[in-house]
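Worksheet: one structure, shown below.
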Amino acid sequence: MQKLFLYNSLTNKKEPFEPVKEGYVGMYVCGPTVYSNVHLGNVRTFMSFDMIYRYFLHLGYKVRYVRNITDAGHLTDDSEEDKISKKARLEQLEPMEIVQKYTTDFHEILQKFNFLPPSIEPTATGHILEQIEAIETILKNGLAYEVNGSVYFDVLKYNEKEHYGILSKRNIDDAIENTRNLDGQSDKKNPQDFALWKKADPEHIQRWNSPWGIGFPGWHLECTVMSTKYLGEKFDIHGGGMDLKFPHHECEIAQAQACNHVNPVKYWLHGNMLTMNGKKMAKSTGNNILPEEIFSGKNANISKAFTPSVARFFMMQAHYRSILDFSNDAILAAEKGYNRLMEAVELSKKIESSETSTLEVEAWRQKCYEAMNDDFNSPILIAHLFEAVKWINLINDGKESLTQGDLDLLRDTIQTFVFDILGLENVHKHDDNSDRLDGLVQLLIEMRKKAREDRDWALSDQIRDKLIALGIQLKDGKEGTTYSLN
RNA sequence: GGCGUCAUGGCCGAGUGGCUAGGCAGGGCUCUGCAAAAGCUCCCACAGCAGUUCGAAUCUGCUUGACGCCUCCA
Numbered sequence: 000m001q002k003l004f005l006y007n008s009l010t011n012k013k014e015p016f017e018p019v020k021e022g023y024v025g026m027y028v029c030g031p032t033v034y035s036n037v038h039l040g041n042v043r044t045f046m047s048f049d050m051i052y053r054y055f056l057h058l059g060y061k062v063r064y065v066r067n068i069t070d071a072g073h074l075t076d077d078s079e080e081d082k083i084s085k086k087a088r089l090e091q092l093e094p095m096e097i098v099q100k101y102t103t104d105f106h107e108i109l110q111k112f113n114f115l116p117p118s119i120e121p122t123a124t125g126h127i128l129e130q131i132e133a134i135e136t137i138l139k140n141g142l143a144y145e146v147n148g149s150v151y152f153d154v155l156k157y158n159e160k161e162h163y164g165i166l167s168k169r170n171i172d173d174a175i176e177n178t179r180n181l182d183g184q185s186d187k188k189n190p191q192d193f194a195l196w197k198k199a200d201p202e203h204i205q206r207w208n209s210p211w212g213i214g215f216p217g218w219h220l221e222c223t224v225m226s227t228k229y230l231g232e233k234f235d236i237h238g239g240g241m242d243l244k245f246p247h248h249e250c251e252i253a254q255a256q257a258c259n260h261v262n263p264v265k266y267w268l269h270g271n272m273l274t275m276n277g278k279k280m281a282k283s284t285g286n287n288i289l290p291e292e293i294f295s296g297k298n299a300n301i302s303k304a305f306t307p308s309v310a311r312f313f314m315m316q317a318h319y320r321s322i323l324d325f326s327n328d329a330i331l332a333a334e335k336g337y338n339r340l341m342e343a344v345e346l347s348k349k350i351e352s353s354e355t356s357t358l359e360v361e362a363w364r365q366k367c368y369e370a371m372n373d374d375f376n377s378p379i380l381i382a383h384l385f386e387a388v389k390w391i392n393l394i395n396d397g398k399e400s401l402t403q404g405d406l407d408l409l410r411d412t413i414q415t416f417v418f419d420i421l422g423l424e425n426v427h428k429h430d431d432n433s434d435r436l437d438g439l440v441q442l443l444i445e446m447r448k449k450a451r452e453d454r455d456w457a458l459s460d461q462i463r464d465k466l467i468a469l470g471i472q473l474k475d476g477k478e479g480t481t482y483s484l485n
């Protein structure tokens with residue numbers, strides 16, 4: 000099995016991956032809060048982990064990939080209203096209608112981007128009982144306290160024996176000094192404390208019964224409970240966006256420690272932000288672009304529509320831990336590179352083998368693995384894939400050659416990395432009219448051929464230029480004319 | 001204010017103490033009726049200032065700038 004190194008946010012180091020249980024990987028990724036459409040920035044994080052999931056599967060691990068749906072509603076501020084209920088009131092819908100609507104949207108979007116579904120996709124509302132039990136355990140262990148029907152985690156007490164800040168590299172004393180004074184009416188003993196259970200006011204729509212009265216679970220508890228339930232007290236990988244590192248993931252560690260006395264996660268992986276115009280994409284600021292807008296081209300920041308696979312390629316060209324800035328120029332450039340890659344992939348199916356090989360396919364294949372083994376370095380992998388693009392074209396020109404065995408290896412490796420691991424798709428516009436379109440274009444190619452034989456350049460160029468205007472690129476080669484659709 | 005990350009060629013983006021990814025755009029050549037496509041090739045960058053070193057863009061310090069977190073956030 001390939002030796003994989005990954006960057007652990009807990010230690011800030013690249014470490015060799017050694018699973019808790021040999022041959023198995025338990026991976027938990029914080030999913031979306033389903034109160035509005037996912038934007039491209041949300042998608043980036045999930046896509047990074049989709050690629051990581053795919054790579055683990057390819058390496059032969061048995062992976063249980065858990066990605067939750069947050070449908071219980073997190074608090075937005077110190078008011079008692081949470082996101083889900085807020086939106087529900089706005090649209091005159093039941094909270095679960097909102098949840099259903101945006102969960103469906105989430106799934107549809109990810110499907111278009113060719114995501115593999117997670118092994119388990121648990122919901123917060125489906126685990127209220129488990130959350131209540133966890134709170135009882137934490138209370139019993141003396142690390143939480145109840146005030147007026149709410150239960151808070153006692154961060155200072157926890158910090159006496161454990162390190163609150165172990166992940167985000169924060170010092171609790173600094174945090175105390177620098178906490179903003181939001182209001183004076185909080186029930187918390189200390190501003191650092193966070194809610195495990197929050198009392199629901201009468202007008203609060205999402206509400207459940209509990210030993211502390213009617214209320215709803217706190218911000219961070221669901222992930223602790225669900226990851227423990229499905230992956231165990233100690234599991235391999237926990238992922239999420241960089242912006243969740245603090246406080247969300249820090250609180251998860253504290254809760255798990257308080258419940259199970261175990262540091263729950265071996266490797267913390269954090270994907271970096273997708274920015275637009277140099278600023279983080281966020282639902283709240285309006286600085287974002289929706290996947291549907293990418294697919295339709297209907298957004299002021301882009302000049303045309305892009306396929307999901309082009310957007311995926313654009314994101315895979317950057318490392319998951321780097322900030323990536325979205326712009327029209329950047330995705331246009333990515334689209335051209337993507338097209339060139341896909342055309343070479345198609346061509347690779349047609350090129351023929353020779354008696355001898357002039358290229359080192361096995362060494363190249365190993366370089367592809369080395370790229371992925373180095374903290375899932377997809378941009379380096381793509382650089383290597385473009386080396387193969389060059390090879391395929393040279394073989395096609397008769398300037399290099401491969402034996403049947405090497406050619407099969409090349410094709411297999413491309414298939415593996417381009418489609419299985421990066422999750423790209425070569426989108427053929429195979430609608431009902433594709434045969435007709437092909438027939439039409441072939442007819443025009445014939446007519447142009449005739450015109451060229453008659454030296455009727457005006458006609459032949461007209462055919463060529465009108466077709467390119469329609470997005471049909473004619474390619475004159477030694478063996479005749481072919482075409483590609485843009 | 002505190003904590004942290006990052007500053008790479010026209011653009012996007014990797015990476016390493018010396019051998020200097022890749023994509024896009026641009027120049028030249030091959031091919032072509034002219035082109036396009038494809039191939040070859042050129043353009044050798046690492047914010048600024050000091051320091052460590054035989055040697056740094058890569059290590060250290062400072063400066064400047066950007067971003068992220070500290071409040072829901074992928």
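Counting with numbering that gives the first Met the number 0, you get residues 0 to 485 for the letters of the first sequence. Here a beta-carbon is modelled for each residue, glycine too, at the ideal position from N, C-alpha and C. Everything numeric in this text was worked out from a predicted model, so none of it was measured.
- Pairing Arg339 with Lys389, the inter-Cα distance amounts to about 10 Å.
- The stretch 254-267 makes no contact with the stretch 47-56, as fewer than three CB pairs between them are under 8 Å.
- Residue pairing from DSSP places Ser483 in a beta bridge opposite Gln472.
- In the displayed model, Arg364 falls within a helix according to three-state DSSP.
- Per DSSP, reduced to three states, the secondary structure at Ser302 is coil, with no helix or strand assignment.
- Secondary structure remark: continuous beta strand (DSSP E) runs of at least 3 residues inside the stretch 245-283, in chain order: 264-270 and 273-275.
- Looking at the DSSP output, Glu14 sits in a beta bridge with Leu5.
- Judged by DSSP secondary structure, Gly240 falls within the beta strand (DSSP E) whose first and last residues are Phe234 to Gly240.
- With respect to the C-alpha of Leu358, the residue from Asn298, Val344, Tyr337 and Gly397 having the closest C-alpha is Gly397.
- By the Cβ-count criterion, Gly277 is exposed, with fewer than 16 other Cβ atoms from all chains shown falling within 10 Å of its own Cβ.
- Under the DSSP assignment, Trp196 falls in the beta strand (DSSP E) whose first and last residues are Phe193 to Lys198.
- The C-beta separation of Lys2 from Asn372 comes to about 6 Å, placing the pair in contact by the 8 Å criterion.
- For Leu323, the enclosing beta strand (DSSP E) begins and ends at Leu323 to Phe325.
- Minimum Cα-Cα distance from Tyr64 among the listed residues Asp200, Ala71, Gly72 and Phe48 corresponds to Phe48.
- The continuous stretches of beta strand (DSSP E) do not include Phe416, and DSSP gives it neither H nor E.
- Distances from the CA of Ala199 to each of Ser84, Thr103 and Ser308 were compared; the closest alpha carbon is that of Ser84.
- Secondary structure at Ile97: helix, using DSSP grouped into helix, strand and coil.
- The stretch 90-171 is shown to contain whole beta strand (DSSP E) runs of 3 or more residues at 143-146 and 149-152, in chain order.
- By the Cβ criterion, the stretch 134-149 is in contact with the stretch 186-206, since at least three pairs of Cβ atoms, one from each stretch, lie closer than 8 Å.
- C-alpha of Pro246 to C-alpha of Ile165: approximately 11 Å in a straight line.
- Of the candidates Ser352, Ser283, Asp407 and Arg447, the residue whose Cα lies closest to the Cα of Ser400 is Ser352.
- In the displayed model, Asp328 falls within a helix according to three-state DSSP.
- Nearest neighbour of Glu161 by Cα position, chosen from Gly470, Cys250 and Lys188, turns out to be Cys250.
- Proximity of the stretch 267-274 to the stretch 229-238 meets the contact definition, three or more beta-carbon pairs being nearer than 8 Å.
- Distance from the CA atom of Gly148 to the CA atom of Tyr229, rounded to whole angstroms, is 29 Å.
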